[in-house]
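Below is one structure; the comments refer to it alone.
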Amino acid sequence: MHPLKRVDSMTTIVFVVSHLGAVHGGVNVFNAEMLPVLATYDDLRTICLVPSTQCVDKSLSHLTRVLPLRSTGDKFLLPVDDALQAVTLLKDVGRIDAVVGHDVVTGDLAIEIADKLGAKKILIHHMAYGRYIALMRDPEAARAKEKHQQRLFPKADRCFAVGPLLLDSLKDIRRLSQEMPEPKLLLPPLLSIEPSSTPRSAPRILYSGRIEASNDAVKQGTLAARAIGRALRHLAEDVHDASVDIYGFDPDPALIDEFRELLEREAGYRIPVKCLQFTDSRAEMLNVVKDASLFVMPSVHEGFGLVAWEAMCCGVPLVVSKNSGFYRFVQSLGQAAFVDGVSVQHHNTDDAVNQQIDELANRIRSRIEYPLDAHQRAEKLLTAVRAQGGVSETLDDFVVECGYPLKTSSSQHEAKPSSSSNLDPLIVDLTIEVDVGLDEQDQVAYRCITGVRRIRSAFYALCNGISGASVNVKSSYLDRLLEMASSDPDADLRADAALRFRADQPKIKKLEEFLNGALLSLAAPDFADLPFPTDHDRALAFVQLIDILGRPTSEEEKTYIDAVRFEPYKTFSVRIPTKLLESKDFYEPLFTINDGATLGDLWFDCCSDIAAAYLRAFYAKSIEDGTQPPPLGHLLEWRIGSH
């Protein structure tokens, strides 16, 4: 049974990605930053096609549907073969509006899949190989990739470039093909991070970029290390305790030792240096960036510079190459005065190299010695980009080109400071409102007042550690009883209303406690490891839970789901309405698999239904003794039947 259910009313975009996570930098970081914002668009569903389950960072998987082509392997195979496999897996999804590929990394496969599905072909340009062929260790390989791009991009229905420098690169490619559409600009979302309000007391310099011998001519990690060391040698006497973070090392002890030696030789003394490898943890990476007092990016060429963008979002002062998409973007806004731009060349004489090291070291030193000024410049830059950068408009343009019927041109998807998610302003505790009232037959009815969109925002906040969230249960039913108890002209009715109010008020309080427990259970990282439920799935499960709390189900309408759970190992039963199962394609085959079904057979097709039913099963016990529903954890097996 395929893990994705048909939702024809939604716009569906398939992203073909080599890795869902940030561990490999570049393209994958861009995906990691786009997905949270795309998840905030109503009726927009994303599916990430990855080589295998090994290529998934689970901290991001709640934001999208993940579709692995196979169980092992870290690379896609031949585009023709993988496209056939992908189309088979996607056949039950419904209409696919667009398939998105990332440059030569996944572009060919995305084109193949889109052609077979009749979907729009969207490509994103990340690397301008033609701009730095001479600097590559293997120029022939770089030239082959440039020619690959010249064949690839004209096949797309629309091409996007990350930043203005890459937009120029796409325009150069378009000069060779009249068939290629006019390329468009795409900017990374602004991150939901609250910059520090004051500069660090002890300076900490950050250089980030993959540090390896094969690309040092482009990234200039050696230049960065020597310039930082030289700047620290000549610091003013009142600046103390400086440290350096170099982020992006491959696990090569010899390379790490070489960079430590470069720093300390230039500085003339031992410096606290942390050499950190790339990590899939976005929170860990952004904490490293935010904790810096200066970020340095001296590349000879940088298509955009995503880490510089992240540093800007964190309010960190910047010294960056003028030949970068990031600097070109800032320059286009007229805000280059708030960034230290440096011209970097790959010099081959000692004098020229030393002169370049001195220039970069002087820029670094001036920002370290005057931290308040540097901090204020960074604040002004971020304020200007938020106000006039047009960031959300480029993302709106992207989803429209993918087939999304955008209903508003406002910047509702622009990220705000960390007191907000990418969807709704979040205060310290985002509140979900639930009402317990009476229906037309004067029966108690439960209603979720807060819409799915804001509930989804609450789960986004909880799952990403941005903010808290809680459930507040109001009761129009209790309000009515209280009014009757105080003002009804009939004394007997007043007494009866007061009696009912005293009896039911504690139940409402217990209901609120239960729903808060259910909210935390749904948001728990191990709620269900395998299916990767999205924030939207969790929100739907919560709304469905409210709905079924007020819907009694007779015994003959119920069946049992037995589940075997480990971590810790436990067997339990959940009773849910039979009708939830009979409408599912997987219902009949269940009894052919040794009277059991794997989690994948059952959960993927109706995770919201099953999650709501699972939580509902704990309701009576919670009301009775306060037991809170535990996360589902990793379920080994489901068995369905009556007993």
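Letter 154 of the sequence shown, counting from 1, is numbered 744 in this note's numbering, and no numbers are missing.
Glycine residues also receive a C-beta, built at the ideal position from the N, C-alpha and C atoms.
Beta-carbon to beta-carbon, Ala826 and Glu959 are separated by about 5 Å, close enough to satisfy the 8 Å threshold.
At the C-beta level, Val932 and Val906 stay beyond 8 Å of one another. 8 Å or more divides the Cβ of Leu985 from the Cβ of Val920. Where Arg721 is concerned, there is no enclosing alpha helix (DSSP H), because DSSP gives it neither an H nor an E. Ile795 sits in a strand when the DSSP states are folded into three classes.
In the structure shown, Thr602 falls within a strand segment according to DSSP collapsed to helix, strand and coil.
Pairwise C-beta distances place the region 1075 to 1093 out of contact with the region 1040 to 1051, as fewer than three of them are shorter than 8 Å. In the structure shown, the three-state DSSP call for Leu639 is strand.
Sequence-distant partners of Glu991 (beyond 5 residues in either direction) whose C-beta falls short of 6 Å from its own C-beta, in its chain, are Arg748. Non-local beta-carbon contacts of Gly993 in its own chain, meaning distances under 7 Å to residues more than five positions away in sequence, involve Thr601, Asp687, Ala688, Lys710 in chain order. Per DSSP, the beta-bridge partners of Ala688 are Ile603, Lys710. Under DSSP, His715 forms a beta bridge with Ala751. Shortest Cα-Cα distance from Phe885 to any of Ile846, Arg953, Leu1028 involves Arg953. DSSP places Gly663 outside both helix and strand once states are collapsed to three, so it counts as coil. The C-beta of Gly915 has 16 or more other C-beta atoms within 10 Å across all chains shown, which makes the residue buried. Per DSSP, Asp930 lies in no alpha helix (DSSP H); the unbroken beta strand (DSSP E) holding it starts and ends at 930 to 932.
When DSSP states are grouped into helix, strand and coil, Ala1108 belongs to the helix group. Note: Phe885 is bridge-paired with Leu796, Leu908 in the DSSP secondary-structure output. Here the region 849 to 866 makes no contact with the region 925 to 945; the two share fewer than three CB pairs at distances below 8 Å. In the three-state reduction of the DSSP assignment, Pro669 falls in the helix class. For Leu813, the closest C-alpha among the options Val834, Ile763, Val752, Ala951 is that of Ala951. Spanning the alpha carbons of Leu1052 and Val934 requires a straight line of approximately 43 Å. Boundaries of the alpha helix (DSSP H) harbouring Ala814: 811 to 823, taken from the DSSP string.
With contacts defined as CB atoms closer than 8 Å, Gly893 and Met887 fail to qualify as a contacting pair.
When the beta-carbon positions are compared, Cys903 and Ile783 come within less than 8 Å of each other.
If you check the CB distance, Leu1110 and Val1063 do not come in under 8 Å. If you check the CB distance, Pro961 and Ser883 come in under 8 Å. At the C-beta level, Arg794 and Asp835 come within 8 Å of one another. For Asp1029, same chain residues with a beta-carbon under 6 Å away, outside a window of 5 residues either side, are Ala1035 in chain order. With contacts defined by Cβ atoms closer than 8 Å, Leu1135 and Ala1108 form a contacting pair.
Contact check between the region 766 to 775 and the region 610 to 617: fewer than three CB pairs, one atom from each, fall below 8 Å, which does not count as touching. According to the DSSP assignment, Cys1053 belongs to the alpha helix (DSSP H) that extends over 1042 to 1053. A distance below 8 Å between beta-carbons, with the five flanking residues on each side excluded, links Lys665 to the following residues of its chain, in chain order: Ser608, Pro641. Non-local beta-carbon contacts of Asp987 in its own chain, meaning distances under 7 Å to residues more than five positions away in sequence, involve Lys774 in chain order. Under the three-state reduction of DSSP, Glu1030 is assigned to coil, being neither helix nor strand.
Across the structure, Gly1041 and His716 are spaced so that their CA atoms are roughly 37 Å apart.
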